[in-house]
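First the structure, in the form of structure tokens, and then the observations on it.
In this note's numbering, the protein residues as written are 1 to 218.
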């Protein structure tokens, strides 16, 4: 594999986190930028041939663009060698994973993480996972901006810094260890504190939760 390093441009969510973990495992990235997809589509994000994008609207000029949104095949007609898009995939991370060799290239310990990102990005949650999240499902909720934790400023580290820390930590640790990290624990505690106020409203919020593939990001 080439020794050239790239910048990852992606969304600040669980799918973006897993994409970063995968590309970091391959030693392909040396920088990460989190952006909103609308800014990408509107041309507000400056990119170059040193960029790899995931789960974002395609823009010309990047090295590679990984995606799984069928809408992008309609918005961008024709063939582009740098646009790796699989509309049948449940997550952009799955597209990255499969493109670079899947289970034959990545460690077996990534299996549960990959199952979780597919479930999360396609919103295939059971009622119990909605009402009593745990494991990877819980981490998915914590990383999702729609959960609302980003509006709280009393955390020891910012959500951005936690995301950067998790990119490294998720490579070599299981979910039980990840959920014991102090910066994760304080978010878990806050999540469940607000999840019970009231429980019915919380369930209503999640019943309206849409997968990220349903149009542009919210």
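Cβ coordinates follow ideal geometry from the N, Cα and C atoms, glycine included.
Cβ distance (whole Å) where residue i is taken to contact residue j below 8 Å
i	j	result
residue 14	residue 139	7 Å
residue 67	residue 55	6 Å
residue 112	residue 136	6 Å
Burial state of residue i, where buried means 16 or more other Cβ atoms lie within 10 Å
i	result
residue 192	exposed
residue 26	exposed
residue 106	buried
residue 12	buried
residue 108	exposed
residue 182	exposed
residue 185	exposed
residue 91	buried
residue 154	exposed
residue 43	exposed
residue 141	buried
Inter-residue Cα distance where the pair is residue i and residue j
i	j	result
residue 20	residue 102	15 Å
residue 158	residue 166	12 Å
residue 82	residue 63	6 Å
residue 94	residue 80	20 Å
residue 115	residue 149	24 Å
residue 143	residue 48	27 Å
residue 41	residue 18	22 Å
residue 195	residue 60	42 Å
residue 177	residue 124	24 Å
residue 258	residue 10	Any question about residue 258 goes unanswered here, given that the chain covers just 1 to 218.
residue 51	residue 58	12 Å
residue 84	residue 31	21 Å
residue 110	residue 29	18 Å
residue 226	residue 100	The chain is shown from 1 up to 218; residue 226 falls before or after that span and cannot be answered.
Three-state secondary structure (DSSP) of residue i
i	result
residue 222	Nothing about residue 222 can be reported from this structure: the residues present for the chain run from 1 to 218 only.
residue 100	coil
residue 145	helix
residue 137	helix
residue 24	helix
residue 14	helix
residue 115	helix
residue 151	helix
residue 204	Interpretation of residue 204 is limited by its pLDDT of 49, a score under 50 that renders its predicted location unreliable; no figure is taken from the coordinates.
residue 195	helix
residue 109	helix
In the stretch 159–189, which residue ranges form an unbroken alpha helix (DSSP H) of at least 4 residues, counting only runs that do not cross its ends? Complete alpha helix (DSSP H) runs here, min 4: 159–172 and 175–178.
Jot down the residue ranges of each uninterrupted beta strand (DSSP E) in the stretch 29–95, minimum 3 residues, whole runs only, in chain order. Qualifying beta strand (DSSP E) stretches, in chain order: 29–34, 51–54, 64–67 and 83–85.
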